[in-house]
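Enquirer: Numbering (my numbering), first residue to last: 513 to 736.
Have a look at the structure that comes next, please.
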C-alpha cells in the first residue's frame with residue numbers, strides 16, 4: 513500500500529466503502545445510455561452515424577459508456593475540480609472493461625483527447641481527458657496522441673452556455689498541430705472527452721481532423 517493511501521485512505525465516492533474511489537457495487541448501479549446517431553439522435557447500432565446523416569467533416573459515430581449520474585458523475589467532478597488524479601486510473605479501468613465487454617471497437621485506432629487551452633491546463637495542473645485517455649489507451653493497446661489538436665482560444669466553458677450558444681462558442685477553437693500535418697491520411701481516430709452534452713466540441717474537433725485527411729473519426733465519452 514502506498515504511503516499516501518495510509519495517510520489519506522481512499523473511499524468510494526458513491527457509498528463510502530474503503531479501498532477505492534469507485535467500487536464495483538456503485539459502478540454497476542450507473543445506467544448505460546442507449547446509443548444514438550450523433551447527428552439525428554435516433555437509435556443507432558453501436559453508435560454509428562446513419563448513412564443518410566453522415567457529413568463529410570462530421571463524426572462517424574459516438575460511443576458513450578454511462579449516464580452522467582451516480583458515482584461516475586462524482587468521480588468526474590472530483591477529478592476535475594478537486595484535482596484527485598488517481599481517480600483517472602479507476603475511471604479508465606472501468607471504461608476499458610466496458611468497451612471490451614460490448615465489443616464495439618475492433619480495429620486499433622489512434623486516441624486523441626480533447627485539449628484544454630494552455631492557460632486552463634496550467635491552472636488545473638492537468639487535462640482530465642488526457643489523464644483518463646492515456647490510461648485507457650495503455651489498457652487497450654491503442655496509440656495515444658495528445659498533441660495532434662491545439663486549442664487556440666480560451667472560451668467560456670460550455671457548461672455555462674445555453675444549448676444554442678454552444679455551437680458558435682467552439683467554432684474555430686481548434687487547429688491541427690503542424691507536426692502532424694502529413695500523417696493523418698488514412699488513419700482512424702477516436703476523439704475522447706469525459707462528458708457529451710450537445711456534442712458541439714467533439715464535432716468541431718472532428719471537422720479539423722477530417723479536413724486534414726483523417727479517414728474516420730469516432731467520439732468516445734465516459735458519459736452522455
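All C-beta atoms, glycine included, are put in the ideal place defined by N, C-alpha and C.
Quick caveat: nothing in here was measured; it's all calculated off a predicted structure.
Do three or more CB pairs link the stretch 714-723 to the stretch 579-589 at distances below 8 Å?
Expert: no
Enquirer: For residue 690, which three-state DSSP category applies?
Expert: helix
Enquirer: Could you give the C-beta distance for residue 623 and residue 645, rounded to a whole number, given that I count them as a contact under 8 Å?
Expert: Confirmed, about 5 Å.
Enquirer: May I have a chain-ordered list of the beta strand (DSSP E) segments no shorter than 3 residues that lie completely inside the stretch 584-665?
Expert: Runs of the beta strand (DSSP E) inside the stretch 584-665: 622-625 and 661-663.
Enquirer: Is it buried or exposed for residue 698, if we count other Cβ within 10 angstroms and need 16 for buried?
Expert: It counts as exposed.
Enquirer: If you scan the stretch 517-587 from start to end, which runs of the beta strand (DSSP E) of 3 or more residues do you find wholly inside it?
Expert: 573-578
Enquirer: What does the Cβ neighbour count give for residue 663, buried or exposed, with the cut at 16 atoms within 10 Å?
Expert: buried
Enquirer: State the start and end residues of the unbroken beta strand (DSSP E) segment that holds residue 726.
Expert: Unbroken run through residue 726: none, as it is neither H nor E.
Enquirer: Is residue 576 near residue 711, with beta carbons less than 8 Å apart?
Expert: No; because the gap between Cβ atoms is not below 8 Å, this pair is not in contact.
Enquirer: Please state whether DSSP places residue 682 in a helix, a strand or coil.
Expert: helix
Enquirer: How far does the beta strand (DSSP E) with residue 703 in it reach, from first residue to last?
Expert: Its beta strand (DSSP E) spans residues 700-707.
Enquirer: Could you tell me the distance, in whole angstroms, from the CA atom of residue 652 to the CA atom of residue 564?
Expert: 31 Å
Enquirer: Report yes if the CB atom of residue 728 is closer than 8 Å to the CB atom of residue 572, and no otherwise.
Expert: yes
Enquirer: For residue 607 and residue 694, I'd like the C-alpha separation in whole angstroms.
Expert: 31 Å
Enquirer: Please report the straight-line C-alpha distance between residue 485 and residue 732, rounded to a whole angstrom.
Expert: It is not possible to answer for residue 485, since the shown part of the chain is limited to 513 through 736.
Enquirer: Considering Cα atoms alone, identify which of 707, 704, 683 and 660 is closest to residue 724.
Expert: 660
Enquirer: Please say whether residue 533 and residue 598 have beta carbons closer to each other than 8 Å?
Expert: yes
Enquirer: Secondary structure at residue 734, three-state DSSP: helix, strand or coil?
Expert: strand
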